[in-house]
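Residue numbers (our numbering): 251 to 497. All C-beta atoms, glycine included, are put in the ideal place defined by N, C-alpha and C. These figures come from a predicted structure and were not determined experimentally. First up is the structure itself, then whatever we jot down about it.
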Amino acid sequence: MTTIDLADLRLAVPNATTLWTALAETRGHEVVRRQGFQAVAGDEHSGLRIVLRSSAPGKDDVDELTELAKGWSRGPVLVEDAFGSVDMSAIGLTPRKLPVMIRRPGDTLPPPALEVVRVEREEQLRAAERIVVDGFPLPGFQPYRPGQAFPAALLGRQEIELYLVVKDGELGGACVTIVDGGVGGLYWVTTLQEFRSRGIGRALMHAVLGGPLKELPVTLTAARAGKPLYDSLGFTEITQSTWWASA
Numbered sequence: 251m252t253t254i255d256l257a258d259l260r261l262a263v264p265n266a267t268t269l270w271t272a273l274a275e276t277r278g279h280e281v282v283r284r285q286g287f288q289a290v291a292g293d294e295h296s297g298l299r300i301v302l303r304s305s306a307p308g309k310d311d312v313d314e315l316t317e318l319a320k321g322w323s324r325g326p327v328l329v330e331d332a333f334g335s336v337d338m339s340a341i342g343l344t345p346r347k348l349p350v351m352i353r354r355p356g357d358t359l360p361p362p363a364l365e366v367v368r369v370e371r372e373e374q375l376r377a378a379e380r381i382v383v384d385g386f387p388l389p390g391f392q393p394y395r396p397g398q399a400f401p402a403a404l405l406g407r408q409e410i411e412l413y414l415v416v417k418d419g420e421l422g423g424a425c426v427t428i429v430d431g432g433v434g435g436l437y438w439v440t441t442l443q444e445f446r447s448r449g450i451g452r453a454l455m456h457a458v459l460g461g462p463l464k465e466l467p468v469t470l471t472a473a474r475a476g477k478p479l480y481d482s483l484g485f486t487e488i489t490q491s492t493w494w495a496s497a
């Protein structure tokens, strides 16, 4: 891996840990912070989420996170390793690869072709939550239960924002952004099934990249369906992150 790759990963990974910290603290879940990793010990719905923070975590950190994952019994386990620094196969976790991408400030984007609304009220938060839970989807939070994935306390967090897209008078998509340490992050860019291929995702991206994230480097981890859109908007791949998951 090149020095540039590591430099870009060191923008992306802390942004992801900021997201999971905000969610953990508003959900009332424990956060375990170590030099080499950060873990969120959630409930049966959110499970255990571990994010590797180093390309060379110490043995003590690797042993601790392995024991955490091995002994976890409340819901799913996911170990997010963008650095490729651990192997979780020995404890029965299965790997999949997802591209981590970055976009530097640059070309001005046109305004979104659809109405994009920043979430400010709890009823809007509930709408965004339901779109993400059902449309992304988030299986651990299904069937949808208001306030379980996105507690009302998120509205008071300065680092996190949510956005909704209006199409023909209906809400068709949503996304989450994180701004921390001069870096922007995009998460759960979601279009409901009945609104797909109608410009929802592009409207979200134009709104946030041309607005609140305009002057920042922006990172994301791309699902296969979304990568062509991100490529077209100037995102480039940093690396293939390994996500180790329980069955």
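Open item on the list: Looking at the secondary structure, which residues open and close the beta strand (DSSP E) in which leucine 302 lies?
Closed with: Per DSSP, leucine 302 is one residue of the beta strand (DSSP E) stretching across 298-302.
Task: Ranges of the beta strand (DSSP E) found wholly within the stretch 267-321, counting only runs of at least 3 - done: With a minimum length of 3 residues, the continuous beta strand (DSSP E) runs that stay inside the stretch 267-321 are 280-283, 287-291 and 298-302.
- [ ] Counting only runs of 3+ residues fully inside the stretch 313-388, write out the beta strand (DSSP E) ranges in chain order.
- [x] DSSP runs (the beta strand (DSSP E)) wholly in the stretch 313-388: 327-331, 344-353 and 365-368.
TODO: For glutamate 411, count neighbouring C-beta atoms within 10 Å of its own C-beta (all shown protein chains included) and say buried if the count is 16 or more, exposed if not.
DONE: Under this definition glutamate 411 is a buried residue.
Task: Span separating the alpha-carbon of glycine 419 from that of glutamate 365 - done: Their Cα atoms are separated by approximately 9 Å.
Open item on the list: Taking 8 Å as the threshold (C-beta atoms), are tryptophan 494 and leucine 343 in contact?
Closed with: In terms of Cβ geometry, leucine 343 and tryptophan 494 form a close pair [threshold 8 Å].
- [ ] Could you have a look at leucine 454 and say whether DSSP puts it in helix, strand or coil?
- [x] Three-state DSSP puts leucine 454 in a helix.
TODO: Give me the Cα-Cα distance between phenylalanine 287 and arginine 260, rounded to the nearest whole angstrom.
DONE: So the two alpha carbons sit approximately 13 Å from each other.
Task: Nearest-angstrom Cα separation, counted from leucine 273 out to serine 335 - done: Near 25 Å, if we compare the C-alpha coordinates of leucine 273 and serine 335.
Task: Alpha-carbon to alpha-carbon, valine 367 and leucine 375 - done: Straight through space, the alpha carbons of valine 367 and leucine 375 are spaced by roughly 11 Å.
Open item on the list: In the DSSP assignment, the beta strand (DSSP E) including serine 491 goes from what residue to what residue?
Closed with: Here the beta strand (DSSP E) through serine 491 covers 486-495.
Task: the stretch 393-405 / the stretch 262-279 touching (three or more Cβ pairs under 8 Å) - done: Using a Cβ-Cβ distance cut-off of 8 Å, the stretch 393-405 and the stretch 262-279 are in contact, since at least three pairs of beta carbons, one from each stretch, lie closer than that value.
Open item on the list: Extract the residue ranges of the beta strand (DSSP E) inside the stretch 387-470, only unbroken runs of 3 or more that lie entirely within it.
Closed with: If we require 3 residues or more, the beta strand (DSSP E) runs fully inside the stretch 387-470 come out as 410-417, 420-430 and 433-441.
Task: Endpoints, alpha helix (DSSP H) assigned at leucine 479 - done: 477-482 is the span of the alpha helix (DSSP H), which, as asked, contains leucine 479.
Open item on the list: Could you check whether the Cβ of glutamate 330 sits closer than 8 Å to any Cβ belonging to chain D?
Closed with: Annotation note: the requested chain D is absent from the structure, which comprises a single protein chain.
Open item on the list: Going by C-alpha to C-alpha distance, which of Phe386, Glu317 and Pro307 sits closest to glutamine 443?
Closed with: Comparing Cα-Cα distances from glutamine 443 to each of Phe386, Glu317 and Pro307, the minimum goes to Phe386.
TODO: Below 8 Å on the Cβ atoms is my guess for tyrosine 437 versus leucine 298; work out the distance and round it to an integer in Å.
DONE: That pair is no contact at about 18 Å.
TODO: Find out if the Cβ-Cβ distance for the pair glycine 435, asparagine 265 is shorter than 8 Å.
DONE: Yes, they are a contact pair.
Task: Cβ pair isoleucine 352, aspartate 430 closer than 8 Å - done: At the C-beta level, isoleucine 352 and aspartate 430 stay beyond 8 Å of one another.
Task: Segment contact, 8 Å Cβ cut-off, at least three pairs: the stretch 478-497 with the stretch 324-331 - done: By the criterion of at least three beta-carbon pairs nearer than 8 Å, the stretch 478-497 is in contact with the stretch 324-331.
Open item on the list: Report the CB separation of valine 350 from threonine 469 in whole angstroms; it is logged as a contact under 8 Å.
Closed with: Correct: roughly 7 Å between the Cβ atoms.
Task: Neighbourhood of arginine 284 by C-beta distance below 6 Å, restricted to the same chain and skipping five residues each side - done: When the five nearest sequence neighbours on each side are left out, the beta carbons in the same chain lying within less than 6 Å of the beta carbon of arginine 284 are those of Asp311, in order along the chain.
Task: Other residues of its chain near phenylalanine 391: CB distance less than 6 Å, five sequence neighbours each side excluded - done: Result list for phenylalanine 391: His295, Val383, Gln398 and Ala399, in chain order.
Task: valine 458 versus leucine 404: straight-line alpha-carbon distance, rounded - done: Within the model, the alpha-carbon separation for valine 458 versus leucine 404 is close to 18 Å.
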